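A short write-up of the structure that comes next.
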Amino acid sequence: MRILETKEIVDEIEKLIDSADLFLIIVSPYLKINTKLKQKFELNFRKTSIKFLFIYQKDSIDEDEILWMQGYHNVTHIPSDHLNANCVINEKAAVMSSMELSENWGLNNIDLGVYFWSDEEPVYRSLLNSLKRIIWSTKTDFNFSWKYLMKRKNS
Numbered sequence: 028m029r030i031l032e033t034k035e036i037v038d039e040i041e042k043l044i045d046s047a048d049l050f051l052i053i054v055s056p057y058l059k060i061n062t063k064l065k066q067k068f069e070l071n072f073r074k075t076s077i078k079f080l081f082i083y084q085k086d087s088i089d090e091d092e093i094l095w096m097q098g099y100h101n102v103t104h105i106p107s108d109h110l111n112a113n114c115v116i117n118e119k120a121a122v123m124s125s126m127e128l129s130e131n132w133g134l135n136n137i138d139l140g141v142y143f144w145s146d147e148e149p150v151y152r153s154l155l156n157s158l159k160r161i162i163w164s165t166k167t168d169f170n171f172s173w174k175y176l177m178k179r180k181n182s
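Those letters in the sequence shown? Residues 28 to 182, by my numbering.
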């Protein structure tokens, strides 16, 4: 586990996006993704074996962002009431931070975050369980499964 500052958060989130092989979960109350990051996501959305999940605060996202996500069959988006959490997680690692995925992410604010690997089992599994609770609280029919984690652990 290590502490990250603003630039490191940006770098590590970009690495998590690029290194995902099975899943990527993005949690941010406000999603107004800038052009550079959107291009990075789009390159990875083409990897159809990867499941992408965006969780954001209800009523805080532009219709354009929703339409953009709906353009990819392996991308799911879930609005959540009262969400104020920020994290990005794939099957290998996670970043939890104060940074939101807004248009000016990494530019105007001073942010802090924590990076940890999936091998740090209790912390990683605790984050996955917290994400499951957030998903369940939305009362959507999205079924979060452990199969991605188990697949990685058995490979």
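Note that CB positions come from ideal geometry on N, CA and C, so glycine has one too.
What you are looking at is a predicted structure, and each value in this text was computed from that prediction instead of being measured.
Start and end residues, alpha helix (DSSP H) containing residue 75
For residue 75, no alpha helix (DSSP H) segment is defined, and its DSSP state is neither H nor E.
Contained beta strand (DSSP E) runs [length at least 3] in the segment 81-167, N- to C-terminal order
Taken in chain order, the complete beta strand (DSSP E) segments of 3 or more residues contained in the segment 81-167 are 102-107, 114-117, 120-124, 139-144.
Going straight from the alpha carbon of residue 38 to that of residue 92, what length do you get?
Per the coordinates, the alpha-carbon of residue 38 lies some 23 Å from the alpha-carbon of residue 92.
Quick check: the segment 77-89 against the segment 50-63, are there 3 or more CB pairs under 8 Å?
At 8 Å Cβ cutoff, the stretches touch.
Using C-beta distances below 6 Å, list every residue in its chain close to residue 60, excluding the 5 sequence neighbours before and after it, in chain order.
128.
Simplified DSSP state of residue 31, which is helix, strand or coil:
Looking at residue 31 - three-state DSSP - the assignment turns out to be strand.
Closer than 7 Å: residue 95 CB and nearest the ligand NAP heavy atom
In terms of ligand content, the structure shown is empty, and the ligand NAP therefore cannot be addressed.
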